[in-house]
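Student:
There are 2 protein chains.
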Amino acid sequence: MSEPRKLEVLRAIVEDYVHSREPVGSKALVERHHLGVSSATIRNDMAALEDEGLITAPHTSAGRIPTDKGYRLFVDQISAVKPLSPAERRAIQALLEGSEDLDDVLDRTVRLLAQLTNQVAVVQYPHLSRAKVRHIEFVLLAPRKVLAVLIADTGKVEQRVIDAGQELSDEVLSELRARFLGSLSGTPLNLLPQSLQSVIASSPPARRGAAQALARGLEALATSSREERMVMAGTANLARSNVDFPLSIGPVLEALEEQVVMLRLLSDMAEDPRGVTVSIGRENPYDGLAEASVVATGYGPDATAKVGVLGPTRMDYPTTMAAVRAVARYLSRILGP
Amino acid sequence: MSEPRKLEVLRAIVEDYVHSREPVGSKALVERHHLGVSSATIRNDMAALEDEGLITAPHTSAGRIPTDKGYRLFVDQISAVKPLSPAERRAIQALLEGSEDLDDVLDRTVRLLAQLTNQVAVVQYPHLSRAKVRHIEFVLLAPRKVLAVLIADTGKVEQRVIDAGQELSDEVLSELRARFLGSLSGTPLNLLPQSLQSVIASSPPARRGAAQALARGLEALATSSREERMVMAGTANLARSNVDFPLSIGPVLEALEEQVVMLRLLSDMAEDPRGVTVSIGRENPYDGLAEASVVATGYGPDATAKVGVLGPTRMDYPTTMAAVRAVARYLSRILGP
DNA sequence: GTTAGCACTGAGGCATGGCGAGTGCTAACC
DNA sequence: GGTTAGCACTCGCCATGCCTCAGTGCTAAC
Numbered sequence: 001m002s003e004p005r006k007l008e009v010l011r012a013i014v015e016d017y018v019h020s021r022e023p024v025g026s027k028a029l030v031e032r033h034h035l036g037v038s039s040a041t042i043r044n045d046m047a048a049l050e051d052e053g054l055i056t057a058p059h060t061s062a063g064r065i066p067t068d069k070g071y072r073l074f075v076d077q078i079s080a081v082k083p084l085s086p087a088e089r090r091a092i093q094a095l096l097e098g099s100e101d102l103d104d105v106l107d108r109t110v111r112l113l114a115q116l117t118n119q120v121a122v123v124q125y126p127h128l129s130r131a132k133v134r135h136i137e138f139v140l141l142a143p144r145k146v147l148a149v150l151i152a153d154t155g156k157v158e159q160r161v162i163d164a165g166q167e168l169s170d171e172v173l174s175e176l177r178a179r180f181l182g183s184l185s186g187t188p189l190n191l192l193p194q195s196l197q198s199v200i201a202s203s204p205p206a207r208r209g210a211a212q213a214l215a216r217g218l219e220a221l222a223t224s225s226r227e228e229r230m231v232m233a234g235t236a237n238l239a240r241s242n243v244d245f246p247l248s249i250g251p252v253l254e255a256l257e258e259q260v261v262m263l264r265l266l267s268d269m270a271e272d273p274r275g276v277t278v279s280i281g282r283e284n285p286y287d288g289l290a291e292a293s294v295v296a297t298g299y300g301p302d303a304t305a306k307v308g309v310l311g312p313t314r315m316d317y318p319t320t321m322a323a324v325r326a327v328a329r330y331l332s333r334i335l336g337p
Numbered sequence: 001m002s003e004p005r006k007l008e009v010l011r012a013i014v015e016d017y018v019h020s021r022e023p024v025g026s027k028a029l030v031e032r033h034h035l036g037v038s039s040a041t042i043r044n045d046m047a048a049l050e051d052e053g054l055i056t057a058p059h060t061s062a063g064r065i066p067t068d069k070g071y072r073l074f075v076d077q078i079s080a081v082k083p084l085s086p087a088e089r090r091a092i093q094a095l096l097e098g099s100e101d102l103d104d105v106l107d108r109t110v111r112l113l114a115q116l117t118n119q120v121a122v123v124q125y126p127h128l129s130r131a132k133v134r135h136i137e138f139v140l141l142a143p144r145k146v147l148a149v150l151i152a153d154t155g156k157v158e159q160r161v162i163d164a165g166q167e168l169s170d171e172v173l174s175e176l177r178a179r180f181l182g183s184l185s186g187t188p189l190n191l192l193p194q195s196l197q198s199v200i201a202s203s204p205p206a207r208r209g210a211a212q213a214l215a216r217g218l219e220a221l222a223t224s225s226r227e228e229r230m231v232m233a234g235t236a237n238l239a240r241s242n243v244d245f246p247l248s249i250g251p252v253l254e255a256l257e258e259q260v261v262m263l264r265l266l267s268d269m270a271e272d273p274r275g276v277t278v279s280i281g282r283e284n285p286y287d288g289l290a291e292a293s294v295v296a297t298g299y300g301p302d303a304t305a306k307v308g309v310l311g312p313t314r315m316d317y318p319t320t321m322a323a324v325r326a327v328a329r330y331l332s333r334i335l336g337p
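Sequence order for the protein chains is A and B.
Under this note's numbering, the first sequence has 29 at position 29, and the numbering climbs by one with no breaks.
Under this note's numbering, the second sequence has 78 at position 78, and the numbering climbs by one with no breaks.
Structure follows, in structure tokens:
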């Protein structure tokens, strides 16, 4: 019994099953692939694969389907990356180049990726760490309430309402605004906390309390929003592959709606931020995703923000991985320096 | 055959069916409701109701279920508004009062409404028309590209990248900024176009081109974003009521994802902006929602923005309507003047 | 207008049995 | 040892047929 052929058999099983949704038997296998041996031999190989936990039989007289472990081996060692079709490349380019602001880019990205893969696509907002302060604005909403707006040079705009802790006048506020802007303009967001301290220190005592409150707000703005948001599209594709989620897609929708879960999941898949990572079935930390797989990769200058696709474990991994990788590259290029 | 009793029968059918998901027969009806007549009489009434198209029998030997028309009559004439439980009232109050900025309020609102009704909740961003300009900011991203940020006194922030049509320096831009801000601050957004014209007219000829480009951008900002966005939550509830969408929830998810469809639908339901409007099954203009009902109402100062719930036609209308109404009221109060 | 009674209808549940895909095993073969 | 043919065996699936029963519509009497 040859090892290489066994892998070849596993690959054939995965491919056929992904294609047909039906357990694949030894006979069908020799018919659809020229393996050069008879079905009996394949049966022996399949028995061995089953012993190793790579495939399983749903019931006695049915063919075999891959297990999570089988998919894992397939993804790690067997599958060849499938290049995108020229049409797909063109679609990516066309759709993403017409857009201007960040929201727009991300929105188009997920829609495109969802359409390309026929699955659910998610994209995380890029981290701000490398971005620099382009502008800061304070607006008085009520005597004690200030709307702080932070504009980064990436085009990202963050806003938050801050309780100033004391009543402020418009004059005081614009004085503070000038002070903050003067010393913070151009500061990289990850260095913001230190710079804010020096702004507070250099403020006249009478303004210090207010300065402190505003600084706290700005800091929260820069840090809290880092990984907070994501955009998603293609949830309707879940319903189409209804059959693939035996238990119903409810738990999957729940996971998707709880952005915290998804964001956590995406950042846990970080190992190699540039490579495409795959999390298969029960490998997922969240129970609702036990029948789902996530394919994700990083994008942007330091590849810390993630873009990915979620679908049934029975998915076309090579194609999905290729699409995710291609989209991430275009995305990086557009947002690039 | 008495008219009032016939309506009573319809009401009983709707209530039982909503409760049990099963076609309800004449015998079960007399058992569960004290109608004071025998099942034979009910049968006569039911036959009449069927002739009028208010109920229908899925097959010969089954009970009856309401038609869209039956639900319509039920909603319009029969159902009594069900007051919320004190616990629910408290939940609304608690959840909404802890929040500060608009995004946060709307996010909490949909989640709450989804949880309250066990269905999908949607809320449209409030229109800007009554809002006034609080602040305008221009940021130079590239020599010809300007990021315009418009901050309304409602706390809403809108941004967009504008092509200035010519190269601008930081100095020129801040001069223009001062000019715009000076004459536009406090302007209601619906009057913005006129005011923008006068700003352009009063600009020195050398700046006129740039002023025009920026004005166009601001105008687009104020108008285009009016009805554009919405937030949604509770899609997982759709999966739970899987049975209620015989065809699968795919088309429903598609409709929800195509925000244009939903926004259109919500604003079409405007008739009486303060009252709770219901759109039932095939009354919906979108085919994918043929098995769904939408319960919506307006909120905010002029009740032009909508908040609503989407679920199967077989939904508990009185409770849903009560929840939507209550949430809209709290929402108006919080965003109110 | 209401009721009792009755014949009728059709869905749903259940047992039956044949079909066929697919397996595992054994014995022969290279 | 690995490969193959052959064969008995196992179930899942589906079609069939039967029975039950909820619920109806109708008629005739109240």
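Heads up, the beta-carbon is just placed ideally off N, CA and C, and yes, glycines get one too.
Are the region 255-266 of chain A and the region 159-173 of chain A touching, with three or more C-beta to C-beta distances below 8 Å?
Tutor: At 8 Å Cβ cutoff, the stretches do not touch.
Student: Can you give me the C-alpha to C-alpha distance between B/Arg333 and B/Arg21, rounded to a whole angstrom?
Tutor: Within the second sequence, the letter at position 333 stands for residue 333 of chain B. Within the second sequence, the letter at position 21 stands for residue 21 of chain B. Taking the straight line from one Cα to the other gives about 37 Å.
Student: Check B/Arg226 in the structure and name its three-state DSSP category.
Tutor: Within the second sequence, numbered from 1, the residue matching residue 226 of chain B stands at position 226. Here the model assigns B/Arg226 a pLDDT of 49, short of 50, so the residue's position is not dependable, and the following value carries that caveat. Three-state result, B/Arg226: coil.
Student: Classify B/Val327 as helix, strand or coil using the three-state DSSP reduction.
Tutor: Position 327 of the second sequence, counted from the first residue, corresponds to residue 327 of chain B. Reduced to three states, the DSSP call for B/Val327 is helix.
Student: According to a CB-to-CB cut-off of less than 7 Å, which residues of the region 237-270 of chain A neighbour chain B?
Tutor: Answer in chain order: Ala239, Arg240, Asn242, Ser248, Ile249, Gly250, Leu253, Glu254 and Glu257.
Student: For the candidate residues B/Thr277, B/Ala210, B/Val327 and B/Tyr330, whose alpha-carbon lies nearest to that of B/Val75?
Tutor: On the second sequence, position 75 is the one that residue 75 of chain B refers to. The residue with the shortest Cα to Cα distance from B/Val75 is B/Thr277.
Student: To which residues of the same chain is A/Glu8 closer than 6 Å at the C-beta, ignoring the five residues directly before and after it?
Tutor: Translated into positions along the first sequence, residue 8 of chain A becomes position 8. Contacts found: none.
Student: Do you know how far the Cα of B/Arg274 is from the Cα of B/Ser174?
Tutor: Stepping through the second sequence from its first residue, residue 174 of chain B is reached at position 174. Stepping through the second sequence from its first residue, residue 274 of chain B is reached at position 274. Their backbone Cα atoms lie some 43 Å apart in a straight line.
Student: Since B/Arg134 meets chain A, which of its residues come closer than 9 Å, beta carbon to beta carbon?
Tutor: Taking the first residue of the second sequence as 1, we reach residue 134 of chain B at position 134. The answer, in chain order, is Val139, Leu140, Leu141 and Leu147.
Student: Alpha carbon to alpha carbon, how far is A/Gly308 from A/Leu54?
Tutor: As a working mapping, residue 308 of chain A is identified with position 308 in the first sequence. As a working mapping, residue 54 of chain A is identified with position 54 in the first sequence. When rounded, the distance between both Cα atoms is 25 Å.
Student: Taking C-beta pairs closer than 7 Å, name the residues in chain A that B/Ala233 reaches, listed in chain order.
Tutor: The residue given as residue 233 of chain B occupies position 233 in the second sequence. Neighbours of B/Ala233 on chain A, chain order: Glu257.
Student: Taking 8 Å as the threshold (C-beta atoms), are A/Ala326 and A/Leu84 in contact?
Tutor: If you number the first sequence from 1, residue 84 of chain A lands on position 84. If you number the first sequence from 1, residue 326 of chain A lands on position 326. Yes, Cβ-Cβ distance for A/Leu84 and A/Ala326 is below 8 Å.
Student: Per DSSP, which residues does B/Arg64 bridge with? Please list them.
Tutor: Within the second sequence, the letter at position 64 stands for residue 64 of chain B. DSSP output for B/Arg64 lists B/Val24 as bridge partner(s).
Student: Around the Cβ of B/Thr319, are there at least 16 other Cβ atoms within 10 angstroms (buried) or fewer (exposed)?
Tutor: In the second sequence, residue 319 of chain B corresponds to position 319, counting from 1. The residue is buried, with at least 16 neighbouring Cβ atoms inside 10 Å.
Student: Going by the DSSP bridge assignment, what does A/Glu137 pair with across the sheet?
Tutor: As a first step, residue 137 of chain A is located in the first sequence; it is residue number 137 there, counting from the start. Answer is A/Val149, bridged to A/Glu137.
Student: Along chain A, in chain order, which residues have C-beta atoms closer than 7 Å to that of B/Gln357?
Tutor: Nothing about residue 357 of chain B can be read from this structure; chain B reaches only from 1 to 337.
Student: Give the C-beta separation of B/Lys145 and B/Leu189 to the nearest angstrom, bearing in mind that I take them to be a contact with Cβ-Cβ under 8 Å.
Tutor: Looking up residue 145 of chain B in the second sequence gives position 145. Looking up residue 189 of chain B in the second sequence gives position 189. Contact doesn't hold; Cβ gap of about 24 Å is too wide.
Student: Hey, A/Met230 and A/Val123: beta-carbon distance below 8 Å or not?
Tutor: As a working mapping, residue 230 of chain A is identified with position 230 in the first sequence. As a working mapping, residue 123 of chain A is identified with position 123 in the first sequence. For A/Met230 and A/Val123, yes; Cβs fall inside 8 Å.
Student: Give every residue of the same chain whose Cβ lies closer than 7 Å to the Cβ of B/Ser39, excluding the five residues on either side of it in the sequence, and list them in chain order.
Tutor: The residue labelled residue 39 of chain B in the question sits at position 39 within the second sequence. Around B/Ser39: Ser26, Lys27 and Val30.
Student: Quick one, are the C-beta atoms of B/Gly311 and B/Asp68 less than 8 Å apart?
Tutor: By one-based count along the second sequence, residue 311 of chain B stands at place 311. By one-based count along the second sequence, residue 68 of chain B stands at place 68. Result no, Cβ atoms of B/Gly311 and B/Asp68 do not sit closer than 8 Å.
Student: Which same chain residues end up closer than 6 Å to A/Val294 when comparing Cβ atoms and leaving out the 5 residues on each side of it in sequence?
Tutor: The count along the first sequence starts at 1 and reaches residue 294 of chain A at position 294. So the qualifying residues of the chain are Ser279, Gly308 and Leu310.
Student: Under a three-way DSSP split, which group does B/Ala12 fall into?
Tutor: Working through the second sequence from its first residue, we reach residue 12 of chain B at position 12. Helix at B/Ala12.
Student: Name the chain A residues whose beta carbon is nearer than 9 Å to that of B/Ile151?
Tutor: Within the second sequence, numbered from 1, the residue matching residue 151 of chain B stands at position 151. Those are Glu137, Val139, Leu147, Val149 and Gln159, listed as they occur along chain A.
Student: Report yes if the CB atom of B/Leu289 is closer than 8 Å to the CB atom of B/Val120, and no otherwise.
Tutor: Counting from one through the second sequence, the residue named residue 289 of chain B turns up at place 289. Counting from one through the second sequence, the residue named residue 120 of chain B turns up at place 120. No.
Student: Identify whether B/Ile162 lies in helix, strand or coil by the three-state DSSP scheme.
Tutor: If you number the second sequence from 1, residue 162 of chain B lands on position 162. Residue state, collapsed to three classes: strand.
Student: Locate the beta strand (DSSP E) running through B/Thr277, then write down its first and last residues.
Tutor: The sequence position of residue 277 of chain B within the second sequence is 277, counting from 1. It spans Thr277 to Ile280 - the beta strand (DSSP E) in which B/Thr277 sits, taken as one unbroken run.
Student: Starting from the Cα of B/Glu258, find the closest Cα among A/Glu291, A/Leu147 and A/Arg108 and give me that residue.
Tutor: Locating residue 258 of chain B in the second sequence gives position 258, where the first residue counts as 1. Cα-wise, what sits closest to B/Glu258 is A/Arg108.
Student: Per DSSP, what kind of secondary structure is B/Met232 in: helix, strand or coil?
Tutor: Locating residue 232 of chain B in the second sequence gives position 232, counting from the first residue. In the structure shown, B/Met232 sits in a strand (DSSP, three-state: E or B).
Student: Tell me whether the beta-carbon of B/Asp172 lies closer than 8 Å to the beta-carbon of B/Ala114.
Tutor: The residue you call residue 172 of chain B lines up with position 172 of the second sequence. The residue you call residue 114 of chain B lines up with position 114 of the second sequence. In the sequence as displayed, the identity of residue 172 of chain B is Val instead of Asp. Their beta carbons are not under 8 Å apart, which means B/Val172 does not touch B/Ala114 by this criterion.
Student: How far does the alpha helix (DSSP H) with B/Ser174 in it extend, from its first residue to its last?
Tutor: The residue labelled residue 174 of chain B in the question sits at position 174 within the second sequence. First-last of the alpha helix (DSSP H) with B/Ser174: Asp170 to Leu184.
Student: Of all the alpha helix (DSSP H) runs that stay within the bounds of the region 257-312 of chain B, which reach a length of 4 or more residues?
Tutor: The qualifying runs are 259-268.
Student: Compute the distance between the beta-carbons of B/Leu150 and B/Leu221, then report whether it is under 8 Å.
Tutor: By one-based count along the second sequence, residue 150 of chain B stands at place 150. By one-based count along the second sequence, residue 221 of chain B stands at place 221. Cβ atoms of B/Leu150 and B/Leu221: closer than 8 Å.
Student: Count the other CB atoms, across all protein chains shown, that sit within 10 Å of the CB of B/Val81; report buried if there are 16 or more and exposed otherwise.
Tutor: To locate residue 81 of chain B, count along the second sequence from 1; it is residue 81. Classification for B/Val81: exposed.
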